[in-house]
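Numbering-wise, the numbering used here comes out as the position in the sequence shown, counting from 1, plus 87.
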Amino acid sequence: MQHWIQLFIEQMRQTTFWEWLAVLLGVTEVLLARKNKVWLYPAGIGGSAISIVLLLKVGLYAESALSMYYVIMSIYGWYIWVQRGNGAPMQVAWATRNEWLVTILIAVGGWGVIYLLLHHFTTSTVPVWDAFVSSTAWAGTFLLARRRIENWLVLNLSNLFAIPLLFHKNLALFAALTIFLFIVAIFGFFDWQRMYKQRQILKGSSL
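Structural data, given as structure tokens:
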């Protein structure tokens with residue numbers, strides 16, 4: 088235990104300005120997501136753009152590709168969250184069957200494709216692990232963009248495996264951020280459930 092604490096302190100000392108900025112934007116993003124605020128997306132785009140470069144430098148190619156995907160999905164999510172349909176923005180809800188099928192396809196199919204790319208075309212030392220973290224995060228981000236409650240569960244599956252991976256690659260601050268994200272996601276899951284239930288009650292009372 089003492090070894091891990093010393094390692095964490097040493098890695099924190101080596102943390103660069105850009106790592107701190109990426110983490111700050113990541114924290115801002117997840118806190119805004121928990122509160123169901125659309126401004127999570129500008130913060131996410133900024134943090135992900137910085138992370139692309141940082142992760143490439145340490146050979147986490149799938150994680151870097153994940154950050155690229157985050158940028159794309161953030162633009163998509165930003166549009167979906169603010170677009171008007173029947174006079175109201177998309178609301179928090181449980182995922183439909185079709186959305187779950189897409190989510191599973193992204194997670195499982197993405198894992199296989201990313202693993203093959205990492206194994207055959209990169210110098211990655213952790214292709215299976217890296218591919219799993221990225222594909223499940225891709226799936227969770229899709230659900231977040233659709234404002235589906237289950238996004239927190241899928242994202243936390245990714246976070247759970249990402250924490251030791253980031254420590255393994257000496258990215259202590261990113262690992263600490265992921266631990267923080269894991270905790271916030273638990274609260275986010277229950278917060279979004281409460282929002283959904285309150286909206287259902289209001290809809291019922293207006294009938």
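Ideal placement from N, C-alpha and C gives every residue a C-beta, glycine not left out. Just so you know, these numbers come straight off a predicted model, no measurement behind them.
Residue 202 versus residue 153 - alpha carbon distance: Counted from its first residue, the sequence shown places residue 202 at position 115. Counted from its first residue, the sequence shown places residue 153 at position 66. One C-alpha to the other measures close to 13 Å.
Counted within 10 angstroms of its Cβ, other Cβ atoms place residue 99 as buried (16 or more) or exposed: Against the sequence shown, residue 99 aligns to sequence position 12. By the neighbour-count rule (16 or more Cβ atoms within 10 Å), residue 99 is not buried but exposed.
Residue 180 - DSSP class collapsed to helix/strand/coil: Translated into positions along the sequence shown, residue 180 becomes position 93. Three-state DSSP puts residue 180 in a strand.
Environment of residue 116 [buried if 16+ CB atoms lie within 10 Å]: Position 29 of the sequence shown holds residue 116. Under this definition residue 116 is a buried residue.
Short Cβ contact (7 Å threshold) for residue 239 with residue 275: On the sequence shown, residue 239 is found 152 positions in, with the first residue counted as 1. On the sequence shown, residue 275 is found 188 positions in, with the first residue counted as 1. Cβ distance < 7 Å, so residue 239 and residue 275 count as in contact.
Residues near residue 164 in its chain [Cβ-Cβ closer than 7 Å; skip 5 each side]: By one-based count along the sequence shown, residue 164 stands at place 77. If we look at residue 164 and ignore the five residues flanking it on each side, its Cβ neighbours are 128, 231 and 232.
C-alpha gap between residue 142 and residue 227, whole angstroms: As a position in the sequence shown, residue 142 is number 55, starting the count at 1. As a position in the sequence shown, residue 227 is number 140, starting the count at 1. CA-to-CA, the gap between residue 142 and residue 227 works out to about 20 Å.
Beta-carbon proximity check, residue 182 vs residue 237, cutoff 7 Å: As a position in the sequence shown, residue 182 is number 95, starting the count at 1. As a position in the sequence shown, residue 237 is number 150, starting the count at 1. Yes, Cβ-Cβ distance for residue 182 and residue 237 is below 7 Å.
Nearest-angstrom beta carbon gap, residue 222 and residue 198 [assumed within contact, 8 Å]: Translated into the one-based positions of the sequence shown, residue 198 becomes position 111. Translated into the one-based positions of the sequence shown, residue 222 becomes position 135. Correct: roughly 4 Å between the Cβ atoms.
Identified DSSP bridge partners for residue 286: Taking the sequence shown and counting its residues from 1, the one referred to as residue 286 is at position 199. DSSP, once it has assigned bridges, lists no residue as partnering residue 286.
Integer-rounded CB distance, given that residue 126 should sit under 8 Å from residue 118: Taking the sequence shown and counting its residues from 1, one reaches residue 118 at position 31. Taking the sequence shown and counting its residues from 1, one reaches residue 126 at position 39. Contact flag wrong, Cβ pair sits at about 10 Å.
Coarse secondary structure for residue 100, derived from DSSP in three states: Taking the first residue of the sequence shown as position 1, residue 100 is located at position 13. If DSSP states are grouped into helix, strand and coil, residue 100 belongs with the helices.
As assigned by DSSP and simplified to three states, the class of residue 234: On the sequence shown, position 147 is the one that residue 234 refers to. Reduced to three states, the DSSP call for residue 234 is coil.
Per-residue burial, residue 253 [other beta carbons within 10 Å of its own, 16 or more giving buried]: The residue you call residue 253 lines up with position 166 of the sequence shown. Per the 10 Å Cβ criterion, buried.
Whole-angstrom C-beta distance between residue 247 and residue 267, which should lie under 8 Å: As a working note, residue 267 is residue 180 in the sequence shown. As a working note, residue 247 is residue 160 in the sequence shown. With 8 Å as the limit, residue 267 and residue 247 do not qualify as a contact, their Cβ atoms being about 13 Å apart.
Complete alpha helix (DSSP H) runs within the region 91-155 (minimum length 4 residues, chain order): 104-121 and 127-144
Inter-residue Cα distance where the pair is residue 273 and residue 138: Reading the sequence shown from its first residue, position 186 is the one you call residue 273. Reading the sequence shown from its first residue, position 51 is the one you call residue 138. Between residue 273 and residue 138, the C-alpha separation is close to 24 Å.
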